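To start, the structure itself, in structure tokens.
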Amino acid sequence: MEKDKKDRTGEEEVRLDSKEKRNEPPGPRPLPLLGNLLQIDLKRPHKTLCELSKKYGSVFTLYFGINKVVVLAGYETVREALVNYAEEFGERNISPILNDINQGHGILFANGESWKELRYFALTTLKDFEFGKRLSHKILAECSYLIQAIEEHKGEPFDTALPINYATANIIFSVVYGCRFDYNDPIFTKMVKRATHATCVTGSASVQLYNMFPRLFRWIKNRQVVLKYVETTIRDAKYLITYLKETLDPDTCQGFVDCFLIWKQKEEEFGIDDSHYSEENLIFTVIDLFVAGTDTTAATLRWGLLLMAKYPHVQEQVHEELRHVVGSRQVSVDDRKNLPYTDAVIHEIQRLANILPACLPHQTSRDVTFQGYFIKKGTVVFPLLTSVLYDESEWESPHTFNPSHFLDKEGKFVKRDAFMPFSAGHRVCLGEGLAKMELFLFFTSLIQRFCFTPPLGITEDELDLTPAVGFTTPPSSHMLCAVSRH
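If you're matching positions, the sequence shown starts at 1 in the UniProt record's numbering and goes up one per residue.
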């Protein structure tokens, strides 16, 4: 692998001959116009891609309609591409629906100098929040509100989605705007529900068809739904940003928006006209952080509670470790190092949950020869995270819930190289630190306080682990009981 890395500089300086150009990744023969569409399950495309990788290898070509896609499968291949060839595979592919949404603004779905500048700013700002005690204190405070909301059900069955979505959304609001909302606030609840539904609809089969054939499917209902949601979300973001502008204190940063506005003011004072700190970039960066930070963390936490209800012996072992190490006091971030089993369980929840199975699509920034295959500049690339998290050569029992994946023989926590739920390389999730902190503090606080069980009349075996269909893969709608341990 290292040799390939050293050799590729020389390869790029040599003009590729026609024979080398023809050495493209293999794949199933596409049909005219349709490509390989008839071979792909559009509801769960990652499953189709994993099956095809068994036949065509870890680097193969597929056609979504007339759009050529190179799929990367397996830990070794995905890591090599995203880390060792970070520049070549580091661009974001902007599909028609994503271009409709943000037109290249923000962080998630952008490229070039603007993306680099905004990502660096967001990363350093989030790090400042993480290194201080402010962020952990905000999460622990939100834990109390979440516990209170769950206690209101008094041990009766309830849908975990809403309270958990509200809790994780409030953390993002605290980071972005410097404030939180009550779970009954009608404006807040509408924003959260809208973001959750938009994420689901964006990954629907009909929207994928629009991405393949934008001229033919511009009229589809789900595209109109997404655009309507985005329009309303932009309006809400503008309202909140305007309020923060009016109350801005240059000496105090309550959240990301304040930091952005203060930096923008400084650039204007120095007469910088071509700044990337525009109103449009602020709005879409805020939306990116809200949608990405709410849905993924909430979905993972919901998977965690569902798995605890399905595997009560694991739940009790987590609770016993918490009781022994933490006792009745509130959990803190510093407790993680003394909770190896709990840490292993949280990591295994993330691995099995597989929240973003196909990763967000990349594209090549230049012509590249990778593992002997020629991939042209501008080619869409799917780094298949499912194939990493379920890689049979990396995990002892990849398709089962097994916290021992992250424990050594002495019961100590061990890191695993193939644990990549946040992706890797230039496009690694910039909220990784925040997400890890949230998952640890929310999960431990809830297990410390409640025992999660299936509703009366449903056995653990009957709890359904089939994921919902969407851009991400949260658990299907379900009910759980939260019985107080106090």
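Note that the Cβ used here is the ideal one computed from N, Cα and C, for glycine as well. Since this is a predicted model, take the numbers as computed values, not measurements.
**Request:** Measure how close the beta-carbons of residue 342 and residue 318 come, nearest whole angstrom, since I'm counting them as under 8 Å.
**Result:** 5 Å
**Message:** Only counting the same chain, and skipping five residues up and downstream in sequence, which positions put a Cβ closer than 7 Å to that of residue 355?
**Reply:** 296, 299, 300, 421, 472, 473
**Prompt:** Hey, how far is the Cα of residue 171 from the Cα of residue 460?
**Reply:** 31 Å
**Asked** In the region 141-205, which residue ranges form an unbroken alpha helix (DSSP H) of at least 4 residues, counting only runs that do not cross its ends?
**Response** 161-176, 186-202
**Prompt:** Between residue 60 and residue 27, which are expected to be in contact by the criterion C-beta below 8 Å, what is the C-beta distance as a whole number of angstroms?
**Reply:** 5 Å
**Message:** Give me, in chain order, the residues of the same chain whose beta-carbon lies closer than 6 Å to that of residue 394; leave out the 5 immediate sequence neighbours on both sides.
**Reply:** 75, 418
**Item:** Alpha carbon of residue 191 to alpha carbon of residue 233, nearest angstrom
**Value:** 7 Å
**Request:** Figure out for me which residue from 239, 306, 69, 253 has the closest Cα to the Cα of residue 157.
**Result:** 306
**Prompt:** Is it true that the CB of residue 358 sits closer than 9 Å to the CB of residue 45?
**Reply:** yes
**Prompt:** Which class does residue 420 belong to by DSSP, given the choice of helix, strand or coil?
**Reply:** coil
**Item:** Reduced DSSP secondary structure (H/G/I, E/B, other) of residue 398
**Value:** coil
**Asked** Rounded to whole angstroms, how far is the Cβ of residue 136 from the Cβ of residue 385, which I believe are closer than 8 Å?
**Response** Their Cβ separation, rounded to whole angstroms, is 28 Å, which puts residue 136 and residue 385 out of contact at 8 Å.
**Asked** Using the C-alpha atoms, what's the distance from residue 279 back to residue 244?
**Response** 13 Å
**Asked** Does DSSP put residue 426 in a helix, a strand or coil?
**Response** helix
**Item:** Contact the region 422-436 vs the region 400-414: 3+ CB pairs below 8 Å
**Value:** no
**Asked** Tell me the DSSP bridge mates of residue 67?
**Response** 64
**Message:** Am I right that residue 126 and residue 430 are in contact with their C-beta atoms under 8 Å? What's the rounded C-beta distance?
**Reply:** 7 Å
**residue 353: first and last residue of the uninterrupted beta strand (DSSP E) it sits in** = Careful: residue 353 lies outside any beta strand (DSSP E), inside the alpha helix (DSSP H) at 340-353.
**Prompt:** Are the CB atoms of residue 226 and residue 101 nearer to each other than 9 Å?
**Reply:** yes
**Element boundaries [alpha helix (DSSP H), containing residue 56]** = 45-56
**Message:** Only counting the same chain, and skipping five residues up and downstream in sequence, which positions put a Cβ closer than 8 Å to that of residue 315?
**Reply:** 308, 309, 447, 451, 452
**Prompt:** Which residue's Cα is closest to the Cα of residue 445: 486, 257, 331?
**Reply:** 331
**Distance between residue 458 and residue 499 (C-alpha atoms, nearest Å)** = A query on residue 499 cannot be resolved here, the shown segment of the chain reaching from 1 to 486 and no further.
**Prompt:** residue 286 lies in the beta strand (DSSP E); which residues open and close that run?
**Reply:** First-last for residue 286: 279-310, but that is the alpha helix (DSSP H), not the beta strand (DSSP E).
**Message:** Let me check understanding here. Comparing Cα to Cα, which of 194, 173, 167 lies closest to residue 183?
**Reply:** 167
**Message:** Just list the residues that DSSP pairs residue 31 with in beta bridges.
**Reply:** 35
**Message:** Restricting to Cα atoms, I'd like to know which of 215, 287, 97 is closest to residue 107.
**Reply:** 287
**Asked** Should residue 294 go down as buried or exposed, given a rule of 16 or more other Cβ atoms within 10 Å for buried?
**Response** buried
**Request:** Helix, strand or coil for residue 362, going by three-state DSSP, please let me know.
**Result:** strand
**Prompt:** Under the rule that 16 or more other beta-carbon atoms within 10 Å means buried, what is residue 112, buried or exposed?
**Reply:** exposed
**Message:** Starting from residue 383, trace the beta strand (DSSP E) in both directions and tell me its first and last residue.
**Reply:** 380-383
**Message:** Tell me which residue opens and which closes the alpha helix (DSSP H) that residue 445 is part of.
**Reply:** 432-449
**Asked** Which residues in the same chain as residue 87 place their Cβ atom closer than 7 Å to its Cβ, once the five residues preceding and following it in sequence are excluded?
**Response** 365
**Prompt:** Should residue 475 and residue 323 be called a contact, given that it needs their Cβ atoms to be closer than 9 Å?
**Reply:** no
**Prompt:** Is the region 209-222 close to the region 68-84, with three or more CB pairs under 8 Å?
**Reply:** no
**Message:** Suppose you measure from the CA of residue 340 to the CA of residue 413; what does that come to, to the nearest Å?
**Reply:** 5 Å
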